[in-house]
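Number of protein chains: 2
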Amino acid sequence: MTGEALDEVVRLLGRLPGLGPRSARRAALHLLKRRDAHLRPLAAALVRVADDVKVCAVCGNLDTSDPCAVCANPVRDRSVLCVVEEVDDLWAMERGGAFKGHYHVLGGTLSAIDGVGPEDLRIPALVRRIEQAPPPSPEVVLALGATVDGQTTAHYIAERLQPLGVAVTRLAHGVPLGGQLTYLDDGTIDAALRARRPFA
Amino acid sequence: MTGEALDEVVRLLGRLPGLGPRSARRAALHLLKRRDAHLRPLAAALVRVADDVKVCAVCGNLDTSDPCAVCANPVRDRSVLCVVEEVDDLWAMERGGAFKGHYHVLGGTLSAIDGVGPEDLRIPALVRRIEQAPPPSPEVVLALGATVDGQTTAHYIAERLQPLGVAVTRLAHGVPLGGQLTYLDDGTIDAALRARRPFA
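Residue numbers (the working numbering), protein chains in the order written: chain A, 2 to 201; chain B, 2 to 201.
See the structure below:
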């Protein structure tokens, strides 16, 4: 392969999650064959987000405005605050469209192995946010991953919020829609069984 | 998800081969978290290749110069011309480093289903190149894929070149290095058996 700029593109694309060296070469070639339809618009959009996208000082979301569109939206419900691990979890909730409240993005989970403590996440900011919220305090929904780190983080946050007397809830565990029992792990089946509901 | 520019980045990344909507969101988030280390360099490199990379008029390779570095290299062997389907095949050959001759990139394979005929590929350019080459004519190595379309294209090119009296060869078929017989298809085993060599 020749051309330093091209090598650089392949190298940088190959460092994206989900792309390796081989698929990065394929992607670079794909872009070069569609210069005006794909390559230039992508380059321009990347330049734009690099300059325009900010971290929302209130919730930690990424947006071109600060506070972000969710925080600035006067129609959204101030009585529920949904705590998520990452910005893409917030995006996933928003795609669903079922949640109308506000968010708080932690920026990760507590992790003893990776040395991530509460101060490395936006947990102190969450506590401050609840303390300073005008009464009544919002309900805090912990929408963290059903992983060891996610649940450790959820327990830690619930403990930190306990003295503030706010209602803390978590997402339900159970059979995902479209899920077949054969393919589910024992833990999920157990959780779904224990949380069984009257058949309406 | 909010912010038009961000949506645009996710949409454009998601159209790359190897990335879907989900991994495009992950890639966009990854880039936004590493703005100076990854996002800005990638945007700059893309802008550079969009402006600088040209198609070599001689062989069809992509490079910042035309003729490309391979064609312009006076050390390379003018007596062998390797015909490949795509630029990434040329890159693969160059990574191996075993081939020291010149290339000719077809830009695809003949395909009745997709309506790709000889005039859509750089086959006429190949014939002209051989005709106009100063004698002796180079050997033409057909390094096309061992697929139906690749082999159809190889046969077609061999027929077109026959009147010119050039030597036409193809890559050997056989067991790939590191390959285990259990995982090989019958066709490959058959080809390897028929092309067996004295054990040295």
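Using N, Cα and C, we set each Cβ at its ideal position, and we do this for glycine too.
Residues of the region 42–55 of chain B with a C-beta atom less than 7 Å from some C-beta of chain A are P42, L43, A44, A46, L47, V48, R49, V50, A51, D53 and V54, listed in chain order. Listed along chain B is no residue with a C-beta nearer than 9 Å to that of A:G180; the closest approach is about 18 Å. Rounded to the nearest angstrom, the gap between the Cα atoms of A:R161 and A:L127 is 10 Å. Restricting attention to A:V106, A:S80, A:F200 and A:A196, the CA atom closest to the CA of A:E87 is found in A:V106. At least 8 Å separates the beta-carbon of B:L13 from that of A:H31. Per the coordinates, the alpha-carbon of B:G146 lies some 18 Å from the alpha-carbon of B:C60. Within the same chain, and ignoring the five residues on either side of A:Y157 in sequence, the residues whose Cβ sits closer than 8 Å to its Cβ are L111, P119 and I124. In this structure, B:P139 is the residue among B:V149, B:P139 and B:L194 with its C-alpha nearest to the C-alpha of B:A168. The C-beta separation of A:R27 from B:G19 comes to about 6 Å, placing the pair in contact by the 8 Å criterion. For A:L107, no beta strand (DSSP E) run applies, since DSSP gives it neither H nor E. By the C-beta density criterion, B:N74 is exposed, having fewer than 16 other C-beta atoms within 10 angstroms.
In chain order, D67 place their CB closer than 6 Å to the CB of A:K55, counting only its own chain and leaving out the 5 sequence neighbours on each side.
Straight-line measurement puts the Cα of A:L82 at about 11 Å from the Cα of A:R171. Contact between A:A29 and A:L7 holds: their C-beta atoms lie close to 7 Å from each other, under 8 Å. Counting the other CB atoms within 10 Å of its CB gives A:Y184 a total below 16, which places it among the exposed residues.
For A:R27, the nearest CB of chain B lies under 8 Å from its own CB, placing it at the interface with that chain. Cα atoms of A:G179 and B:F100: separation of roughly 53 Å, rounded to the nearest angstrom. Within the DSSP bridge table, the entry for A:C83 names A:Y104 and A:V142 as partners. Exclusion of the five residues before and after B:K34 leaves no residue of its chain whose Cβ lies closer than 8 Å to its Cβ. Boundaries for B:T170: no alpha helix (DSSP H) harbours it, while the beta strand (DSSP E) harbouring it runs V169 to R171, taken from the DSSP string.
The three-state reading of DSSP puts B:V56 in strand, counting E and B together. In the three-state scheme derived from DSSP, where H, G and I count as helix and E and B as strand, B:D64 is classed as strand.
Scanning chain A for C-beta atoms nearer than 7 Å to the C-beta of B:S112 yields nothing, as the closest lies near 17 Å away. With respect to A:A159, A:V176 sits apart: the two C-beta atoms are not nearer than 8 Å. In the three-state scheme derived from DSSP, where H, G and I count as helix and E and B as strand, B:V88 is classed as helix. Within chain A, the residues R26, R27 and L30 have their CB atoms less than 7 Å from the CB of B:D89, given in chain order. For A:V176, the three-state secondary structure derived from DSSP is coil. When 7 Å is used as the limit between beta carbons, B:V10 is near these residues of chain A: A46, L47 and V50, in chain order. Between A:P75 and chain B, the shortest Cβ-Cβ separation is not below 8 Å. For A:T189, the enclosing alpha helix (DSSP H) stretches over residues D187 to R195. Chain B has a Cβ within less than 8 Å of the Cβ of A:H39. Residue-level contact by beta carbon fails for A:L82 and chain B, as no gap is shorter than 8 Å.
In terms of beta-carbon proximity, B:G151 stays away from the interface with chain A, with every pair separated by 8 Å or more. Listed along chain B are S24, R27, A28 and H31, each with a C-beta nearer than 8 Å to that of A:P18. In this structure, A:V141 and A:H103 do not form a Cβ contact; the two beta carbons are roughly 10 Å apart against a cut-off of 8 Å.
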